[in-house]
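Chemist: Chains as they are written, first to last, in our numbering: chain A, 472 to 1091; chain B, 740 to 926; chain C, 58 to 124; chain D, 3 to 315.
The beta-carbon is built from N, C-alpha and C at its ideal position, and this holds for glycine as well.
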Amino acid sequence: MHALKSVAGAAGLGMIGFYLGLGFVAVLRAMLGYPDAWGGEINIVGGYVFGLVGWLMGIGMWGIWIREWFGLKTYQRRAPGWQRYFTFNTDHKVIGIQYLVTFIVVFLLAGLLALGMRLELASSGMQFISHSQYNGAMGLHGILMIAVAVAAVIGGAGNYAVPLMIGADDMAFPRLNALTFWLIPPVAVALLATPFLGGIETGWTAYPPLSTTTNSSQILFDLAIITFGLTSILGGLNFIITIIFMRAPGMTWGRLPIFVWSMFVTSWLAIFFTQGFAVALLMILLDRVAGMAFFSAEAGGDPLLYQHVFWFYSHPAVYIMVLPGFGLALEVISHFSRKPLFAYRYAVGAFLGILGLSGVVWAHHMFTSGMPNYLHGPFLVATELISIPTGLIFLSALGTIWMGKLWLQTPMLFAMAVIFNFACGGVTGIFLADVPTDIHLHDTYFVVAHFHYTIVGGEIFALFAGIYYWFPKMTGRMYNETLAKLHFWWMFIGFNLTFFTMHLPGVKGMNRRVADFPESLDNLNMLVSISGWLLGLSFLVFMYNMINAWIRGPVAEANPWRARTLEWQTTSPPPHENFPEQPVIKGHPYDYGVPGSVHGVFPNSGLAGAPSGSAGGGGQ
Amino acid sequence: MAVIAPAEAHRPVHDHLKLNRAGLWLFFFSESVLFGLLLTARFYLEGIQREELDQLLGLGITIVLLLSSVTAFTAETAIEHDNRKLANWGLIATIALGVLFAAGVGYEWSIAHFHRDEAFGTLFFTMTGIHASHVISGIGILVLVWVQLLRGRYTSRDHWPIAGAVMYWHFVDVVWVFFYPALYLVN
Amino acid sequence: MQKAMQTGMVVAVILAVLTIVEYVFAVNFDDDTIRFIGLSFAAVGKAALIVYYFMHVYRLWRVEEAH
Amino acid sequence: MAPKLRQIQRTGEQAHKEALTYFHLDTFHDRMRTAAAAEWGVAARSLSLAGQGAQLLHVRHLITAGLLWVVLTAVGELLVVADLYPTVGSHEAQDFDDIFRFLLLLGVPVMTFVFAVLIYAGLQFRIRTAVPTEDGPAMRGQGWFPRAWLAVTGGLAIFVMIYPGLTGLAELQQGDKGASGWGDQEAEVTIKATAFKWQWLFEYPDGTQVSVAAGKELVLPNETSIKFEVNAADVVHSLWIPAFRMKIDAMPGRTTYMTVKPNKLGEFASDQAYRVQCTELCGLDHATMMFPVRVVEPQEFESWLASLNEGGN
């Protein structure tokens, strides 16, 4: 049982590191003459840092990486079968699946928290939990879901598919890639430990001065999210270098699959903006543990500084979440409509346009914050401009579907649902971008409904499209199509019932992040709660289907979707080095309906892209 | 239990160099956002106001850091031409100057007449502190590289660790090029 | 090697001179705005010199010589 | 290639160009070439026929989907006339409701356009075989259509940006652009609001204070412009009165303001939109940080204020 030993040993080292860190700081504090050597939050910081290092050394970084710095020989142990998912494995396919499974688990946990919240919110008055428990559950739900949204598609689908789609043998920095995944478990542990220190009281946005004066769970929150930001930056860096330098011969920028394009743009967003979250939380950390005064108004600080720095990251973060979702949806739509991606260049232009605009829209989250009045106009204009590139994504999706030969398998249904949901999320965004309507709607359930439409409807639906799309490739087995369609319709209807209804209490006067509300909103909230539970239950079908299919599903073909991109031209699952030989790219990936066109070839072993004209071609 | 190497182990050396170099530059790109935001916060909170600081000390540590960049440059140029002796002395001088700079910042901290719970103090200690943490990690990296140099690990063809460490060192210098006037010279 | 070292030293001297000029300018000049602008320009110039001559940024887009 | 074959190919290419003028479909080009290799003359003739047939079919698709769009829009626009809002308690609230309805009017067709295409395509273009047996036409979207799309969406975006966005903003922010708040800085009654964990303290111009301890409700005169000057004692809060549709954050270290002009009598006891609600998460009892509001006639306001003063507050 190498896998168990590996994880348990690393966790043990992490615990030892944690207590060492606590003690180390305590000794330092005692030596420097502080009265209470053990009582400071800085002890937790020391413990976390030491614990993190211990965990990483234990999980395998020492053997495969750090030894090199001291001029020693490195090694990686190869664990057989499923056990490789529990080791510091550098194979991008393993890391992609590690990410996906981890974040599905986190997604379900955070979803359970949401169900708990909806139970409390089913009617006015306090029934099941206290205000403090509600706030803790809400904060945890928020930040866990943000983590899922940031990392599940990028880390999971991106890691798995990008090297395959561009014809590379792995990512540019495989060890760095493994590091980005193995930084996640400490983040999860720290976040899940927050209830023991009083629970997150500040929501995921952590506005000061509340966050600088609240309970110590804020420290764990800050440390976890700074670590998480680090994984996001390192992951983005790895994707950019991989996509620039490791494309197969002939894979020009104009032939890049659209999902890879979206990952490329997203990675730039990640490495540029994520520092904003890190800086904002670092400032809170310093205010708390070092007695600094960034956000204390009496001492010359300014709480608004936090909001600026925070949203400087956190608005682009929604594009980090949703752009890979768009890319994935367009990718699936093209293959399942059996048509070239409509207006490919415009779609790429849309991604680049969003990349360019994303950095100048952040203050639309602060229209009511009391920032100086001259800031509202420019941010309103920039925010409305974002809808133009977003419109091009719709052009591309709808144009591809039109007159196509739509093969309505589950991935396609989810991809079409992305477009459907985002139409609603996009239109409600206009109400929030225009200041005159935003004043009333800001911080109400209208906003909650809006961003669930964009992030869940846009990205999480795309994540499920991706999971169903690549499931046969990842596992070599096929899921049950009937159950998958049941899951889709159940989730789609539950989702739209829940979140479309949720707009109404917002307009009617229900503010967000509350455990209680005026009884005049009882009926609407009951409806939302019932639909929310309906939505929640749909994931039981998904879980059953996935687990069952992975264990005893029928063996999948190499190319069950008759798709042209490179990942389908190798076996399911692909071998360690991905392809039998280096593929050479000869044409566009989406040239369905163009006789004689090929996407890629293996010079010594035949066709790689499906010969088009006949849809049956898998190149096998 | 077989022992395997990651995919990168099979790639040609100059592929490594290309990827590593571009990756390091991207890392600098990301880090410069961190420092840029700190600079922005400094001007957001305090405008161009500042507290009195020891000007000669400030100029002194700036010159020291600049000199260390020159010695680091010397070390890299030397190893590019297989001159290990000069590279050795270059690295030693860089490490020594780096320690001197860190000590200078520490001394500045101890004599500062403002406190960290007021706005300028907050900014000054945070900015110099985060910069100094990069200096100290840079020293650590240089020491690791220096030990490998003493063991005869590097040649003119294969010396990425030296080149990378030196690039990192220069980057830390570039950051100080902006921090120094923002903290010491404005107003 | 001598040529490379020479270039480096010339750049180093320019940087040193710029730093001294920056300092003297800041200590002796009165107008806040102009001082701020002047210092910004000096800083950008120094950074550009370091990035180009010390960090060899051009190696990023130079075709890799075969070893 | 024999001369005759070349001539036939030219005829075929002509037919193909005709098809292109209608569709911009590159696929006809390629289909024609494949066919030409087998049977030049027949293929070229039948292609021009097939082209016309396909064109008619395409027009039919467009019309049906367009009808679906119209129907969906008609249903969706019911939202505009639906009563979705809390009580209209101020002139600002009236403006908000109008703008909200206007944006719905514009937004619904956009949304239903996407829905109509998706639903129509899902029903009409799906294949009924177990696996796909042929590809769709190779439309690449390089002609005038994407540019027209860009123009329309760009026009719409810029339209809502200017009206109601910037025009509404200008109306909301009169006076000092460096200030922080909504409405006029001049008002007939100025009320200082202080937010603290987890309640409010309001101070009238004559120094009378109301809070949970005294007065227990915020009484406001009808048809009078009222300016709230908002401060926070500890953390960020936000002052929101749903019936007035106005909101401004209470930020430690700065004073923000908002001006409202109530236009309807009402009180919390009978209408919960008349309440001051904190909308910025402020910790434990954020949810219960609310305070009743009552709008009365100006004379009644004066006498209420006087009675409160007599009461020894």
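1. Only counting runs of 4 or more residues, tell me where the alpha helix (DSSP H) segments fall wholly within the region 832 to 872 of chain A, in order along the chain.
2. Are there 16 or more other CB atoms within 10 angstroms of the CB of D:P264, so buried, or fewer, so exposed?
3. If D:M292 and D:G185 are in contact, beta carbons under 8 Å, what's the gap, nearest whole angstrom?
4. Given this structure, state the Cα-to-Cα distance separating A:L1093 from A:M763, to the nearest angstrom.
5. Helix, strand or coil: how does DSSP classify D:C280 here?
6. May I have the straight-line CA-CA distance separating D:G124 from A:G796, to the nearest angstrom?
7. Please work out which residues of its chain come closer than 6 Å, Cβ to Cβ, to A:I515, disregarding the five sequence neighbours upstream and downstream, and give them in chain order.
8. Would you mind working out which of A:G529, A:G848 and A:T972 sits nearest D:L168, comparing C-alpha positions?
9. Measuring CA to CA, which of D:A275, D:T135, D:W306 and D:A308 is closest to A:F988?
10. Say whether the region 593 to 613 of chain A touches the region 513 to 533 of chain A, bearing in mind that this needs 3 or more beta-carbon pairs closer than 8 Å, one atom from each stretch.
11. Can a CB atom of chain A be found closer than 7 Å to the CB of B:E819?
12. If we count the other Cβ atoms within 10 Å of its Cβ and call it buried at 16 or more, is A:N606 buried or exposed?
13. With the cut-off set at 7 Å, would you say A:P680 and A:F766 are in Cβ contact?
14. Below 8 Å on C-beta distance, what does A:A749 contact in chain B?
15. Kindly indicate which three-state DSSP category D:S213 falls into: helix, strand or coil?
16. For A:Y631, name the three-state secondary structure that DSSP assigns.
17. Grab the span of the beta strand (DSSP E) containing D:Q201 for me, first residue to last.
18. Please check if any C-beta of chain B sits within less than 7 Å of the C-beta of C:L96.
19. Keeping to the same chain, check which residues put their C-beta closer than 8 Å to that of B:Q887; ignore five residues upstream and five downstream.
20. At the 7 Å Cβ level, is D:W151 part of the contact set with chain A, yes or no?
21. What residues in the region 893 to 915 of chain B bring their beta carbon closer than 8 Å to a beta carbon of chain A?
22. Closest by CA to A:A986, which one among D:L81, D:A308 and D:T290?
23. Using the beta-carbon of each residue, which ones in chain D are nearer than 8 Å to A:I1092?
24. Among A:M609, A:H779 and A:S858, which one has its Cα closest to the Cα of D:G157?
25. Taking 7 Å as the CB-CB cut-off, is C:D89 touching chain B?
26. Which residues share a DSSP beta bridge with D:R128?
27. Express the C-alpha separation of D:R142 and A:T871 in angstroms, rounding to a whole number.
28. Name the chain B residues whose beta carbon is nearer than 9 Å to that of C:Y115?
29. For A:I690, which beta-bridge partners are listed by DSSP?
30. Where do the ends of the alpha helix (DSSP H) carrying D:R296 lie?
31. What whole-angstrom Cβ distance do D:V232 and D:K266 have, given they're in contact under 8 Å?
32. How would you label A:G504, buried or exposed, when you count the other beta carbons within 10 angstroms and need 16 or more for buried?
33. Would you call the region 941 to 954 of chain A in contact with the region 126 to 136 of chain D, where contact means no fewer than 3 C-beta pairs closer than 8 Å?
34. Since B:G762 and A:I791 are thought to touch, with beta carbons under 8 Å apart, how far apart are those beta carbons, to the nearest angstrom?
35. Per DSSP, what are the beta-bridge partners of D:D251 in this structure?
36. Run through the DSSP bridge pairs and tell me what A:G626 is partnered with.
Modeler: The answer reads as follows:
1. 847 to 856 and 858 to 872
2. Translated into positions along the fourth sequence, residue 264 of chain D becomes position 262. Buried, by the Cβ-count rule.
3. Along the fourth sequence, read from residue 1 onward, the residue named residue 292 of chain D stands at position 290. Along the fourth sequence, read from residue 1 onward, the residue named residue 185 of chain D stands at position 183. With 8 Å as the limit, D:M292 and D:G185 do not qualify as a contact, their Cβ atoms being about 22 Å apart.
4. Since the first residue shown for chain A is 472 and the last is 1091, residue 1093 of chain A is missing from the structure and cannot be characterised.
5. Here the question's residue 280 of chain D lines up with position 278 in the fourth sequence. D:C280 falls in the strand class under three-state DSSP.
6. Start at 1 with the first residue of the fourth sequence, and residue 124 of chain D comes out as number 122. Start at 1 with the first residue of the first sequence, and residue 796 of chain A comes out as number 325. Their Cα atoms are separated by approximately 20 Å.
7. Within the first sequence, numbered from 1, the residue matching residue 515 of chain A stands at position 44. So the list reads I690, once near-sequence residues are dropped.
8. Counted from its first residue, the fourth sequence places residue 168 of chain D at position 166. The shortest Cα separation from D:L168 among A:G529, A:G848 and A:T972 belongs to A:G848.
9. Locating residue 988 of chain A in the first sequence gives position 517, counting from the first residue. The shortest Cα separation from A:F988 among D:A275, D:T135, D:W306 and D:A308 belongs to D:A275.
10. no
11. Along the second sequence, one-based indexing puts residue 819 of chain B at 80. It does not; no Cβ of chain A falls within 7 Å.
12. Numbered from its first residue, the first sequence carries residue 606 of chain A at position 135. The residue is buried, with at least 16 neighbouring Cβ atoms inside 10 Å.
13. Taking the first sequence and counting its residues from 1, the one referred to as residue 680 of chain A is at position 209. Taking the first sequence and counting its residues from 1, the one referred to as residue 766 of chain A is at position 295. Yes, these two residues count as a Cβ contact at 7 Å.
14. Mapped onto the first sequence, residue 749 of chain A falls at position 278. Chain B residues near A:A749: L773.
15. For this step, residue 213 of chain D is matched to residue 211 along the fourth sequence. For D:S213, the three-state secondary structure derived from DSSP is strand.
16. Your numbering for residue 631 of chain A matches position 160 in the first sequence. Looking at A:Y631 - three-state DSSP - the assignment turns out to be helix.
17. Position 199 of the fourth sequence, counted from the first residue, corresponds to residue 201 of chain D. Segment Q201 to E205, the beta strand (DSSP E) holding D:Q201.
18. Locating residue 96 of chain C in the third sequence gives position 39, where the first residue counts as 1. It does: the Cβ of C:L96 has a partner Cβ on chain B nearer than 7 Å.
19. On the second sequence, position 148 is the one that residue 887 of chain B refers to. Only Y893 and P900 meet the Cβ criterion.
20. Position 149 of the fourth sequence, counted from the first residue, corresponds to residue 151 of chain D. Answer yes: the Cβ-Cβ gap between D:W151 and chain A drops below 7 Å somewhere.
21. none
22. Position 515 of the first sequence, counted from the start, is the residue given in the question as residue 986 of chain A. Residue D:T290 is the option with its Cα nearest to A:A986.
23. Not covered by the structure: residue 1092 of chain A. The range shown for chain A is 472 to 1091.
24. Within the fourth sequence, the letter at position 155 stands for residue 157 of chain D. The shortest C-alpha separation from D:G157 is found at A:S858.
25. Looking up residue 89 of chain C in the third sequence gives position 32. C:D89 counts as touching chain B.
26. Position 126 of the fourth sequence, counted from the first residue, corresponds to residue 128 of chain D. Answer is A:L877.
27. Along the first sequence, read from residue 1 onward, the residue named residue 871 of chain A stands at position 400. Along the fourth sequence, read from residue 1 onward, the residue named residue 142 of chain D stands at position 140. Rounded to the nearest angstrom, the two C-alpha atoms are 8 Å apart.
28. Position 58 of the third sequence holds residue 115 of chain C. For C:Y115, there are no neighbours in chain B by C-beta distance under 9 Å, as the nearest C-beta there is about 11 Å away.
29. Taking the first residue of the first sequence as 1, we reach residue 690 of chain A at position 219. According to DSSP, A:I690 bridges with nothing at all.
30. Here residue 296 of chain D corresponds to residue number 294 of the fourth sequence, with the count starting at 1. From DSSP, D:R296 is part of no alpha helix (DSSP H) but of the beta strand (DSSP E) over M292 to V298.
31. Locating residue 232 of chain D in the fourth sequence gives position 230, counting from the first residue. Locating residue 266 of chain D in the fourth sequence gives position 264, counting from the first residue. The Cβ separation is near 23 Å, so there is no contact.
32. One-based indexing of the first sequence puts residue 504 of chain A at position 33. It counts as exposed.
33. no
34. Within the second sequence, residue 762 of chain B is the residue found at index 23, counting from 1. Within the first sequence, residue 791 of chain A is the residue found at index 320, counting from 1. With 8 Å as the limit, B:G762 and A:I791 do not qualify as a contact, their Cβ atoms being about 20 Å apart.
35. For this step, residue 251 of chain D is matched to residue 249 along the fourth sequence. Per DSSP, D:S240.
36. In the first sequence, counting from the first residue as 1, residue 626 of chain A sits at position 155. Answer is none; A:G626 lacks a bridge partner.
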